[in-house]
Amino acid sequence: MSALELAAAIRSGERSAVDVLEEHLAVIDAREDEIHAFNLVMVEQARREAADVDARLAAGEELGPLAGVPVALKDNMCTRGVPTTCSSKILAGWKPPYDATVVQRLAAAGAVIIGKTNMDEFAMGGSTENSAFGPTRNPLDTSRVPGGSSGGSAAAVAAGFAPLSLGSDTGGSIRQPAALCGLVGVKPTYGRVSRYGLVAFASSLDQIGPFAATVADAALLLEVISGHDPLDSTSIAEPAPGLLSVLDQGVEGLRIGILDELSGHGVEGISPDVLARLDAAVEALTAAGATVERASVPATVYGLSAYYVIAPAEASSNLSRYDGVRFGPRTDGATTNEMMMATRTEGFGDEVKRR
Numbered sequence: 022m023s024a025l026e027l028a029a030a031i032r033s034g035e036r037s038a039v040d041v042l043e044e045h046l047a048v049i050d051a052r053e054d055e056i057h058a059f060n061l062v063m064v065e066q067a068r069r070e071a072a073d074v075d076a077r078l079a080a081g082e083e084l085g086p087l088a089g090v091p092v093a094l095k096d097n098m099c100t101r102g103v104p105t106t107c108s109s110k111i112l113a114g115w116k117p118p119y120d121a122t123v124v125q126r127l128a129a130a131g132a133v134i135i136g137k138t139n140m141d142e143f144a145m146g147g148s149t150e151n152s153a154f155g156p157t158r159n160p161l162d163t164s165r166v167p168g169g170s171s172g173g174s175a176a177a178v179a180a181g182f183a184p185l186s187l188g189s190d191t192g193g194s195i196r197q198p199a200a201l202c203g204l205v206g207v208k209p210t211y212g213r214v215s216r217y218g219l220v221a222f223a224s225s226l227d228q229i230g231p232f233a234a235t236v237a238d239a240a241l242l243l244e245v246i247s248g249h250d251p252l253d254s255t256s257i258a259e260p261a262p263g264l265l266s267v268l269d270q271g272v273e274g275l276r277i278g279i280l281d282e283l284s285g286h287g288v289e290g291i292s293p294d295v296l297a298r299l300d301a302a303v304e305a306l307t308a309a310g311a312t313v314e315r316a317s318v319p320a321t322v323y324g325l326s327a328y329y330v331i332a333p334a335e336a337s338s339n340l341s342r343y344d345g346v347r348f349g350p351r352t353d354g355a356t357t358n359e360m361m362m363a364t365r366t367e368g369f370g371d372e373v374k375r376r
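Using this note's numbering, read the sequence shown as starting at 22 and increasing by one per residue.
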């Protein structure tokens, strides 16, 4: 059952939020040791939230579009009073005093937060192997990685632990694990979703976005979390667009570009299977009435190089706050500088140190 169908069933009284939650917790109990999608399963808090949804619906309240639907959060989104670790030893034991804006919007929509998901430490990596708490496995084939850095969020949906999850994307961290786990994943336009309460990696690139099993479910979740936020100075100052309302319009008349530098036959590093799937998608879009045109943007080849200039520079600034004074554990040193160096040496993993 899709998230949209689940939400409708809960609102109509056909299903109870408590029963839906318990079904997902049972799946987690059965496979979490194998997958390791979560850093924390918020069992008791989720049960309270689900019971509250049922009670409010029974009292005749009109609840939001995600009422009773379990949602998993990447462990770099602040949750008041609940550990937020970014899968790093340097944030061990830290409990934020506030909720991220996306968490507030999920609560307003009636969602049940089921847990915090594993990730590459501070979102730096592409496999979810760079976690202080161990790697996450791909539910489709546990000998393989789920991608990263939001691999725990992708794995949670792919394994049936939650119908929806949120990840963050700086340089592919939603899109790549969505592809590897067979899901729909969206990196929204920069500024569409508030970054308030998202632990920063590269501030000019970071965006929060949805994982879902269907396009409609992804649209539903993105609608809920989108919109202007005065607490984020880069937030787009306009209302969130209605996404669900346009899903039935089809693609007829749309003009879609395919970049030669990223998707041309003969481009180094692209699997023939991937190109075959791309060609099939182009054929399907064309048959549905869209116009698909090939285009060339030669500067595209510099994209990865630009990323590795911008992202590490911004990461260096953002990581400077983890000094053993304000957050997490402290490693002793004879002087303040030695204490900070020892804390960071002990607290950061190898991939974070490379950035």
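Glycine included, every Cβ here is placed at the ideal spot set by N, Cα and C.
Check whether residue i and residue j have beta carbons under 8 Å apart
i, j, result
"Glu142", "Ser189", "no"
"Gln228", "Pro209", "yes"
"Tyr328", "Gly368", "no"
"Arg32", "Leu87", "no"
"Val373", "Met145", "yes"
"Glu335", "Ser170", "no"
"Gly370", "Met362", "no"
"Val133", "Asp75", "no"
"Ala93", "Thr138", "yes"
"Gly349", "Trp115", "yes"
"Ala183", "Pro91", "yes"
"Ile277", "Thr321", "no"
"Val48", "Gly89", "no"
Boundaries (first-last residue) of the alpha helix (DSSP H) holding residue i
i, result
"Ile49", "38-56"
"Pro333", "324-340"
"Leu242", "236-246"
"Lys374", "371-375"
"Leu27", "24-33"
Cα-Cα separation, residue i to residue j
i, j, result
"Glu2", "Ala67", "Coverage of the chain is limited to positions 22 through 376, which leaves residue 2 absent and any answer about it impossible."
"Ala332", "Asp120", "25 Å"
"Leu16", "Thr356", "Residue numbering for the chain in the displayed model covers 22 to 376; residue 16 lies beyond these limits and cannot be assessed."
"Gly131", "Ala240", "16 Å"
"Thr122", "Val207", "18 Å"
"Ala128", "Glu70", "9 Å"
"Arg165", "Val124", "30 Å"
"Thr106", "Ala308", "47 Å"
"Ser152", "Val220", "15 Å"
"Arg365", "Ala29", "48 Å"
Boundaries of the beta strand (DSSP E) in which residue i is found, first to last residue
i, result
"Asn60", "59-62"
"Thr100", "Here Thr100 belongs to no beta strand (DSSP E), and DSSP marks it neither H nor E."
"Ala316", "312-316"
Counting Cβ pairs closer than 8 Å, one from the region 241-252 and one from the region 273-291, do we hit at least three?
no
Segment contact flag, the region 250-269 with the region 297-305, C-beta cutoff 8 Å, min 3 pairs
no
Report the residue ranges of all beta strand (DSSP E) runs contained in full by the region 218-304; include only those spanning at least 3 residues, in chain order.
228-233, 276-280
Mind pulling the beta strand (DSSP E) runs of 3 or more residues that sit fully within the region 106-172?
133-138
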